[in-house]
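*Asks:*
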Amino acid sequence: MAVATEARRVGPRRLQTAGSAKLREALVGYAFVAVPMAFFVLFFLFPIGYAIYISFYDWGILGKIGYVGFRNYHDLWHDHRFWRWPPHFHDGTAITNTFYYTAVVVPCQMALGLSLALIVNARIRGKAFFRAAYYFPSLTSSAASAAIAIYILNSGGLLNAFLGRIVGHPVHTPWFGQSSTALESIMGLNVWLTSGTVMLFYLATLQSIPTDVYEAAAIDGTSRWRTFRKITFPLLRPGHFFVAVISIIGCLKIFDQAFIVGGGKGSPAYSTETAVLYLYQTAIFDAQWGYAAAVGVVLFLIIFAFTLLQRLLFGRAEIGY
Amino acid sequence: MRRPSHWWLRLGVVLASVGLVVGLTAGATMAKTGAAGGPAVQQKTTITFAHWNATGAELAAVKATVKAFEKANPSIAVNDISLDPYPEGMLARFAARKPPDIFYVDSNVFPDWVSQGVLEPIGDDLAKAHFSTKKFYPRLLSAFRYKGKLYGLPKDWSPLAMEVNTTALAKAKVKVPKTWAQLTAAGKALKAAGQPPMCLGVDLARILAFMYENKGAFLNSSKTKAVVNSKANLGAVTTYIGWLKSGIAQTPAQLGVSWCGEGLGKEKASIIFEGNWITDYMNTSFPSVTWKTYPMVRNKARGNLGFTVSYSISKDSKHKAQAVQMLKYLTGPAGMKIWVKTSGFLPSRSDVKPPSGRAIFLKEAPITHPWQFAPGFSKVYDTANNELQSAYEGKESISAALKNIQAAATDALNRGH
């Protein structure tokens, strides 16, 4: 009540200074965002700009060696370890490996995540337990899981022992040790590892779907599959968009498992060479920081283009019920 | 009374809290810097020494030599830092212009670092101090020369040798092989007797030794031209991969071990080719395995690869005189004696006795080529290993792999620095 009286009391003055009141509010707002903005500029925008700047130089350990214009980009265009035209399956270039990885992992992640979300969203006993259990792998650090997977997928490891039981004779496949299965093993590992997070995103979207559409469908006697296909799946569109963007970006940036499995060298036979790993090798082992920055800029453009493309394909992510 | 809801008050509170956070952080940083400046009062110069430790014995050796050096030089204190991963840690320190004063440099990264100007030439300082480099093995010393100047002194080294599980060979009733032909025969005998095979990594750091044994090479002697794509190398790689393909040898991945030394220790491999680092590893981890070291096998010639690491001084060091003092001590007879005794590594000077049981390794010195290429070759080494693996998996022919390695090496030489 006191507030109301006061507001009435200062009414005329407020009218007089409506503009400055807006300004005040804006200033307070900016003061609040100033800190995160400062960090954003300092740790994101500035490094991105600086990386673009560096990519036009021959840049060594001690800094600038000389301006080279577009030479780093020109060299990268002709770099057969980065990409090759025409690309072909298992050609071992960083770009092919990264895209192959993304093309397999993203759909698998989404399918598995959605299935898990549907399961834990259903009216079943021990729902909370399953939600926790399915989310659990996501809590593991990717480095730790890769290190353990090295043991499990070893030629004398647990997986081979298990497979040996099934097929009836000893199996000694070095899953990470041969180029035909190394990247695929990392794919499997990552799909499992991230499915919990994807499940969580889908679960949130699932629960935002109003129940009346389901009630209407039930009254019409729609089958469960048809309900899923015609109602749930389309209404999950914001979820699809969000998950697709997040996992494509995540996949294009694949580094840690590839680094651990291939010893940072892309081995065996280039199969674990990814774009970010290539950037790392160029920067750290060769100390060619200008060239590495060029790799980074190209990777940024690729990820940016993909996100734009998805935005166009999925249209506006909002949906009306 | 004014109500505290006024906009400027709110703004003030926000700004004050930001200021508080920033101020506290800055204060904490200054407090730290102030503390670090403390020891300067005691007229003692502190120098930083960066290293890695491959084994527990190596860390003990670092501590022992540093302690002995500090005792002999009371005016110098040494702050030793162990970096893992090493090149990453060092590059960040070089780039920040705050590198350690004295540090390890692997012969393999030496060309990159020296060509980028982060190392200090030490020849003149050593000459002024009348420190002779004559007792160092010349091939090891040459690994740390660049354009006629010396940029480091080797701390120790190791060539490859052949390590054999003597029980397995006795069971297969076969003599220790000395040539490639005998090695093939031994491999077949081991297989026939059901004994573990030999272990071969698809790694240039092993295959290159066999290339030298076949009178091949990687670069010409002046390191200006790649000579990978040669008949001699084709023969060497064909034989090496042939051993793997025929099943008388297996890769560490096939054996389910991380390197061949682990294969020998776990008795999954009977013949391996590793350096002196195997000695301490086997003695501490697998003391019950019966094994012995023999010279590298030979074919058309004797040939071997030597791995060495230097102590070098950074160009941006602020205590160069003290760092040179330490370098002289570490590589001098007194320091190296302590080093060799504690670490079990091979001395890089001929006037320091090696630890017992290492005679075989030392005899390889005259035929050993340093594991070193040219600036920008880290990527070539990766390419070589990936190409060799592709050839081993049958994804391409061995000659195609050699051609691709040749192209990558030529490209790196042309880029140069």
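Protein chains in written order, with my numbering: chain D, 1 to 321; chain W, 1001 to 1417. Backbone N, C-alpha and C fix where the C-beta goes; we use that ideal spot for every residue, glycine too. As the structure is a computational prediction, the values presented were derived from the model and not from experiment.
Please list the terminal residues of the continuous alpha helix (DSSP H) segment that includes Ala386 (chain D).
*Replies:* This structure does not reach residue 386 (chain D), given that chain D is present from 1 up to 321, and the question cannot be answered.
*Asks:* Is the shortest distance between the beta-carbon of Asp91 (chain D) and the beta-carbons of chain W less than 8 Å?
*Replies:* no
*Asks:* Return the chain-ordered ranges of every alpha helix (DSSP H) run that is complete within the stretch 1163-1190 of chain W and spans a minimum of 4 residues.
*Replies:* 1166-1171
*Asks:* Does any CB atom of chain W fall closer than 8 Å to the CB of Gln257 (chain D)?
*Replies:* Output row for Gln257 (chain D): interface = no.
*Asks:* What do you reckon, are the CB atoms on Met1198 (chain W) and Ile1271 (chain W) nearer than 8 Å?
*Replies:* yes
*Asks:* Just how far apart, CA to CA, sit Val106 (chain D) and Leu116 (chain D)?
*Replies:* 15 Å
*Asks:* When you compare each of D:Thr274, D:Ala275, D:Phe176 and D:Ser155 to Pro170 (chain D) by their alpha carbons, which one comes out closest?
*Replies:* Comparing C-alpha distances from Pro170 (chain D) to each of D:Thr274, D:Ala275, D:Phe176 and D:Ser155 shows the shortest one belongs to D:Ser155.
*Asks:* Under a CB-based cut-off of 8 Å, is Lys230 (chain D) close to chain W?
*Replies:* no
*Asks:* To the nearest angstrom, how far is it from the Cα of Lys1032 (chain W) to the Cα of Ala1095 (chain W)?
*Replies:* Low confidence applies here, because Lys1032 (chain W) scores a pLDDT of 45, under 50, leaving its location unreliable; read the following figure in that light. Spanning the two alpha carbons is a distance of roughly 22 Å.
*Asks:* Counting only beta-carbon separations shorter than 8 Å, does Asp1084 (chain W) have a partner in chain A?
*Replies:* Annotation note: the requested chain A is absent from the structure, which comprises protein chains D and W.
*Asks:* Can you look up Gly1038 (chain W) in the DSSP assignment and give me helix, strand or coil?
*Replies:* Because Gly1038 (chain W) sits at a pLDDT of 44, beneath the cut-off of 50, its placement in the model cannot be relied upon, and the point is left open.
*Asks:* When the cut-off is 8 Å and only beta carbons count, does Lys1379 (chain W) lie next to chain D?
*Replies:* Yes, its Cβ sits closer than 8 Å to a Cβ of chain D.
*Asks:* Comparing C-alpha positions only, which one of D:Asp220, D:Gln257 and D:Tyr53 sits nearest to Glu273 (chain D)?
*Replies:* D:Gln257
*Asks:* Going by C-alpha distance, which of D:Ser271, D:Leu159, D:Ala133 and D:Gly250 is nearest Phe304 (chain D)?
*Replies:* In terms of CA proximity to Phe304 (chain D), D:Gly250 leads the group D:Ser271, D:Leu159, D:Ala133 and D:Gly250.
*Asks:* Could you tell me the distance, in whole angstroms, from the CA atom of Gly196 (chain D) to the CA atom of Tyr134 (chain D)?
*Replies:* 5 Å
*Asks:* I need the straight-line Cα distance from Thr1055 (chain W) to Tyr1281 (chain W), nearest angstrom please.
*Replies:* Spanning the two alpha carbons is a distance of roughly 8 Å.
*Asks:* How would you write the range of the alpha helix (DSSP H) that Val198 (chain D) sits in, first residue to last?
*Replies:* Ala182 to Ser208
*Asks:* So, Thr1048 (chain W) versus Ile1076 (chain W), is the Cβ gap smaller than 8 Å?
*Replies:* no
*Asks:* Can you confirm whether Tyr270 (chain D), when its beta carbon is compared against all beta carbons of chain W, has any partner nearer than 8 Å?
*Replies:* yes
*Asks:* Give me the Cβ distance between Asn1214 (chain W) and Lys1318 (chain W), rounded to the nearest whole Å; I'm assuming they're in contact under 8 Å.
*Replies:* With 8 Å as the limit, Asn1214 (chain W) and Lys1318 (chain W) do not qualify as a contact, their Cβ atoms being about 49 Å apart.
*Asks:* Spell out whether any CB of chain W is found under 8 Å from the CB atom of Lys265 (chain D).
*Replies:* yes
*Asks:* Could you check whether the stretch 81-97 of chain D touches the stretch 159-176 of chain D, counting it as contact only if at least three pairs of C-beta atoms, one from each stretch, sit closer than 8 Å?
*Replies:* Judged by Cβ distances under 8 Å, the stretch 81-97 of chain D makes no contact with the stretch 159-176 of chain D, as fewer than three pairs qualify.
*Asks:* Quick check: is the beta carbon of Val1066 (chain W) nearer than 8 Å to any beta carbon in chain D?
*Replies:* no
*Asks:* Between which two residues does the alpha helix (DSSP H) harbouring Pro238 (chain D) extend?
*Replies:* Arg237 to Leu252
*Asks:* Of the residues W:Ile1102, W:Pro1121 and W:Ala1170, which one's Cα is nearest the Cα of Lys1292 (chain W)?
*Replies:* Looking at W:Ile1102, W:Pro1121 and W:Ala1170, the one whose alpha-carbon comes closest to that of Lys1292 (chain W) is W:Ala1170.
*Asks:* Listed in chain order, which residues of the stretch 1393-1404 of chain W have Cβ atoms closer than 8 Å to some Cβ of chain D?
*Replies:* Glu1393 and Lys1395
*Asks:* Rounded to whole angstroms, what is the Cα-Cα separation between Ala1217 (chain W) and Val1228 (chain W)?
*Replies:* 6 Å
*Asks:* Which chain D residues sit within Cβ distance under 8 Å of Glu1088 (chain W)?
*Replies:* Ile284
*Asks:* If you drop the 5 nearest sequence neighbours on each side, which residues of the same chain put their C-beta closer than 6 Å to that of Asn1426 (chain W)?
*Replies:* Nothing about residue 1426 (chain W) can be reported from this structure: the residues present for chain W run from 1001 to 1417 only.
*Asks:* Our contact map puts Ile1122 (chain W) next to Leu1150 (chain W) with C-beta atoms below 8 Å; I'd like the distance itself, whole angstroms only.
*Replies:* Right, the Cβ-Cβ distance comes to about 6 Å (below 8 Å), so this counts as a contact.
*Asks:* Taking a cut of 9 Å between CB atoms, which residues from the stretch 156-174 of chain D lie near chain W?
*Replies:* Gly156, Gly157, Asn160, His172 and Pro174
*Asks:* Where do the ends of the beta strand (DSSP E) carrying Asn1304 (chain W) lie?
*Replies:* Asn1304 to Ile1313
*Asks:* So for Phe1345 (chain W), helix, strand or coil by DSSP?
*Replies:* coil
*Asks:* Please say whether Gly290 (chain D) and Ile61 (chain D) have beta carbons closer to each other than 8 Å?
*Replies:* no
*Asks:* Does DSSP put Gly66 (chain D) in a helix, in a strand, or in coil?
*Replies:* The three-state reading of DSSP puts Gly66 (chain D) in strand, counting E and B together.
*Asks:* Starting from Leu1150 (chain W), follow its DSSP beta bridges and name the residues at the other end.
*Replies:* W:Arg1145
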